[in-house]
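Residue numbers (the numbering used here): -8 to 305. Here a beta-carbon is modelled for each residue, glycine too, at the ideal position from N, C-alpha and C. One structure is given below, encoded as structure tokens.
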């Protein structure tokens, strides 16, 4: 039988019916669970005295709830589990104030991105210019958008760091790049580009063809060779190639024949290493004669390909 001292001890811990333990066969003498639960209760009480109940009400209520659950486990004679959970409960109670009152870790402020724009300082009208933001960076995140303002009233938004643009009129333009990072911070870079009027030269009525033929003649090749060499030397040169016919034959057939003549000239230039992106090909059939079609000489003049070459240094 328990002594009165033992009964008072267990009652102080909240165990209202000590006799109940004997009914289910629990052993109370020197129980480590009893001691650990007592230590946990003392830790909770100490936390309350330090103001945890007022300063951290939700966390404190969770401790009290866990304490009741630990007691229930002990009443069910699960002493090992009760001991383990009481140990954790004591640890949680002792660290409650430090945990709930610890200052929030200050987040490092977002570092804005760095914008870097590179591109040509000059060009000519209708020339395709390339701009790059590849050297832009963000030290603590990533760049999510690139906004280009070309200075001529047009803008473009991309998620990649490259852009191209053509200017239709000469002038000095301010190209502005705005980059934005994944936290909304932005940075701006800009540069000027000087656009000059595109200079043009025309080679016309020199590349001639036989009747109903799209094969280049030797005299036509001789006319094309200087142009080919010039385009090989200057990568900015572009050629617009337009084919024509005389008025003999059906109109639809002549349109196709004029296109084949223009393509024959383009093929010759491409065989010499000129990229197809530098050439445009068009056929106009008999619609644009250079001479009257009432003589063999005039009809020969109309069986032609005109080539208009554009470049910055012509």
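Counting C-beta neighbours from all protein chains within 10 Å, is the total for residue i 16 or more, i.e. buried, or is it exposed?
i           : result
residue 104 : buried
residue 86  : exposed
residue 14  : At residue 14, the pLDDT of 35 sits below 50, so the modelled position is not reliable and the matter cannot be decided from this model.
residue 274 : buried
residue 208 : exposed
residue 79  : exposed
residue 12  : Confidence in residue 12 is poor, its pLDDT being 43 and thus under 50, which makes the residue's placement too unreliable to answer from.
residue 200 : buried
residue 249 : buried
residue 25  : buried
residue 278 : exposed
residue 244 : exposed
On a Cα-Cα basis, can you pick out the residue from the options that is closest to residue i?
i           : options               : result
residue 66  : 39, 120 and 22        : 22
residue 290 : 172, 176, 239 and 40  : 239
residue 153 : 174, 132, 131 and 126 : 126
residue 184 : 208, 157 and 49       : 157
residue 280 : 266, 26, 296 and 41   : 296
residue 164 : 100, 146 and 172      : 146
residue 189 : 230, 142 and 199      : 230
residue 162 : 140, 170 and 187      : 187
residue 132 : 180, 174, 168 and 216 : 174
residue 269 : 255, 278, 167 and 232 : 232
residue 293 : 198, 33 and 135       : 198
residue 168 : 106, 33 and 71        : 106
residue 143 : 30, 160, 128 and 151  : 160
residue 287 : 237, 30, 141 and 226  : 237
residue 121 : 112, 28 and 88        : 112
residue 253 : 206, 210 and 213      : 206
residue 44  : 222, 84, 116 and 298  : 84
residue 33  : 246, 49, 77 and 283   : 77
residue 241 : 68, 276, 38 and 224   : 276
residue 69  : 28, 82, 98 and 108    : 28
In this structure, how does DSSP classify residue i when only helix, strand and coil are distinguished?
i           : result
residue 277 : coil
residue 249 : helix
residue 171 : strand
residue 75  : helix
residue 15  : Residue placement at residue 15 is flagged as unreliable, the pLDDT there being 43, under the threshold of 50; a coordinate-derived value is accordingly withheld.
residue 293 : helix
residue 64  : helix
residue 50  : helix
residue 133 : coil
residue 153 : strand
residue 138 : strand
residue 255 : helix
residue 243 : helix
residue 285 : coil
residue 82  : helix
residue 306 : With the chain covering only -8 through 305, there is no way to say anything about residue 306.
residue 267 : helix
residue 143 : coil
residue 58  : helix
How would you write the range of the alpha helix (DSSP H) that residue i sits in, first residue to last?
i           : result
residue 39  : 23 to 40
residue 320 : Past the edges of the chain, shown from -8 to 305, lies residue 320, and the structure says nothing about it.
residue 43  : 43 to 46
At what residues does the beta strand (DSSP E) containing residue i begin and finish?
i           : result
residue 234 : 229 to 234
residue 179 : 177 to 187
Fill in: Runs of beta strand (DSSP E) lying entirely within the region 90 to 124, each at least 3 residues, in chain order
113 to 115 and 120 to 123
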